[in-house]
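Written out below as structure tokens is the structure these notes cover.
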Amino acid sequence: MQTYNPALKIFRRANGGYMFRDTSRTLEVLSIHAELQTSKEYCSNPYYRAITKKENIPTPPWVPLLPGYCVIGKLCGQYIRLEIQSNNGEHLIYSWEIYENVEMSELIYSGANSDFFVSMKKYIKLSGEISIPDVLGLRDPNIIYDLQLKVNSIYPHLFNITATKSQNKIAKLTTTMQKKGEKLLKKVSVISQPPIICHGIEIKEPGMQLTPEATLALAVEYEALKKLEDTSRKRIKRAKTNNEYMKNLKYKLHEEKDQELLNNWIQKTLEETNIGSTIFISTDQYLTSIYTQPCLTCHNLDLSKKKLDVHRIGHNLQIKIKCKICQGITEYSNESPNAQFSSLAAGAGLVGGVNRQQLQTIFSIIGITAQSSK
1 MQTYNPALKI FRRANGGYMF RDTSRTLEVL SIHAELQTSK EYCSNPYYRA ITKKENIPTP
61 PWVPLLPGYC VIGKLCGQYI RLEIQSNNGE HLIYSWEIYE NVEMSELIYS GANSDFFVSM
121 KKYIKLSGEI SIPDVLGLRD PNIIYDLQLK VNSIYPHLFN ITATKSQNKI AKLTTTMQKK
181 GEKLLKKVSV ISQPPIICHG IEIKEPGMQL TPEATLALAV EYEALKKLED TSRKRIKRAK
241 TNNEYMKNLK YKLHEEKDQE LLNNWIQKTL EETNIGSTIF ISTDQYLTSI YTQPCLTCHN
301 LDLSKKKLDV HRIGHNLQIK IKCKICQGIT EYSNESPNAQ FSSLAAGAGL VGGVNRQQLQ
361 TIFSIIGITA QSSK
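1 is the number of the first residue of the sequence shown in the UniProt record's numbering; add one for each residue after it.
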């Protein structure tokens, strides 16, 4: 979906699935968001109180329900688009659309109600285990932070953004470490010969018991190392990108330089040898195919590291190319060792009843002026 809309930002649901948040939409803070409150009536409920037991947050955060908030994704085999809208800035309207294809060009059904997408849930027959707040991403710490930050720009007294961000980071770190610990202990349970040592630390039940101070220090150290790793990874990626760019640029410049040198060689050969029609094919094509051949010894292709020597005797064009790298010399000729074009052309003309003067005239017409037939 991001291919069709780069403004879509991916987030992960609690069940491991993914949805996209459309960040191109402008979020709107209404007067009903001035106070932290919830109501049994969906239309007048400006906040959602997230249930975050899995995130290890002791106090569930207040999540603003802002008009303009929009998510897109695939649910139960259908492509859905959910958006929060407002009715004259007083009540919230929950608009939903269901599409046949990923491009979202074939609409199947749509609705707009004040029921927090309950009608959409009934339409596609979602089970009770599927949570609308989870589908909307209202339990994602980053999304919660963005929504609270938007409200804080209008009502700065409502949220302590710094504390919320820190709380979200601690919750995420706690969840991550809990999962990692469970995986490590699972390894111990399937191995019959302890101890298991991982990075110098023994892995054993029931885990490692740390004081609150030690846990705090370990968490700070982990985050510092993780940030350093992320920075290093970005630098490596940037260096690889720059290196690839420089390689492509160097290759392009080398290609342009070789083409210019090749054109100069062809022009110089035509002027100095006065080939004319000595070669009975396209002269440019013939010379290009010869000059771009690699060195037979070191396979050098760089024209700037080659030296050219060209001679013409009658129909015979002799080309010597010396490699400046390995000093190897490669010779080329348009005649085979057992055949001379001048003799063959003269013989063919005489056999056909053409006398010497007529043959010289023919050679002159086709651009061959200094031939052995004289």
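By construction, the Cβ of each residue, glycine as well, lies at the ideal position given by its N, Cα and C atoms. Every value quoted in this text rests on a predicted model; they were computed, and no experiment measured them.
Sixteen is the threshold: since fewer than 16 other Cβ atoms of the shown chains lie within 10 Å of the Cβ of Asp284, the residue is exposed.
For Cys326, the CB contacts under 6 Å within the same chain, skipping 5 residues up- and downstream, are Thr297, Cys298 in chain order. In its chain, beyond the 5 residues on either side, Tyr99, Glu100 have a beta carbon closer than 7 Å to the beta carbon of Glu106. Minimum Cα-Cα distance from Asn113 among the listed residues Ile132, Arg25, Ser189, Ile84 corresponds to Ile84.
Going by C-alpha positions, Ser86 is about 18 Å away from Arg21. Annotation: the region 276-331 contains the following complete segments of the beta strand (DSSP E) (minimum length 3 residues), in chain order: 306-313, 316-323.
The region 219-228 makes no contact with the region 187-206: fewer than 3 CB pairs, one atom from each, lie closer than 8 Å. One Cα belongs to Trp265, the other to Thr330, and the distance between them is close to 16 Å. Straight across, the Cα-Cα distance linking Ile290 with Lys324 is about 17 Å.
When only Cα atoms are considered, Tyr332 and Lys257 end up about 24 Å apart. The shortest C-alpha to C-alpha distance from Ser110 to any of Val310, Val102, Tyr123 is the one to Tyr123. Burial is judged here by how many other beta carbons sit within 10 angstroms of a residue's own beta carbon; Asp309 has fewer than 16 and is exposed.
Under the three-state reduction of DSSP output, Gly181 falls in the helix class. Here His33 is buried, its C-beta having at least 16 other C-beta atoms within 10 Å. Under the three-state reduction of DSSP, Asp258 is assigned to helix. Cβ atoms of Asp146 and Ala14 stay farther apart than 8 Å, at about 18 Å. Residue range 62-64 is occupied by the beta strand (DSSP E) that includes Pro64.
Taking the CA atoms as reference points, Arg235 sits about 40 Å from Ile130. Following the DSSP letters along the chain, one finds Met120 inside the alpha helix (DSSP H) bounded by residues 118-123.
In terms of CA proximity to Asn263, Ser304 leads the group Glu223, Thr241, Ser304, Asp230. It is roughly 31 Å from the alpha-carbon of Thr215 to the alpha-carbon of Leu158. At a Cβ-Cβ threshold of 8 Å, Gly73 and Leu27 do not count as neighbours.
In the three-state DSSP reduction, Ala112 falls in the strand class (E or B).
In the displayed model, Ile130 falls within coil according to three-state DSSP, outside both helix and strand. Straight through space, the alpha carbons of Ser95 and Leu75 are spaced by roughly 16 Å. Cα atoms of Tyr79 and Arg238: separation of roughly 36 Å, rounded to the nearest angstrom. When DSSP states are grouped into helix, strand and coil, Arg21 belongs to the strand group. Closest option to Asn334, judged by alpha-carbon separation, among Asp302, Leu301, Leu287, Lys322: Leu287. Counting the other CB atoms within 10 Å of its CB gives Gln37 a total below 16, which places it among the exposed residues. For Met208, the closest of Leu225, Asn142, Leu184, Ile191 by C-alpha to C-alpha distance is Leu184.
Distance from the CA of Val102 to the CA of Thr292, rounded to the nearest whole angstrom, comes to 49 Å. In this structure, Leu92 places its C-beta atom within 8 Å of the C-beta atom of Leu65. In the assembly as shown, Gln267 is an exposed residue. Its beta-carbon has fewer than 16 other beta-carbons within 10 Å. In the three-state DSSP reduction, Ser189 falls in the helix class (H, G or I).
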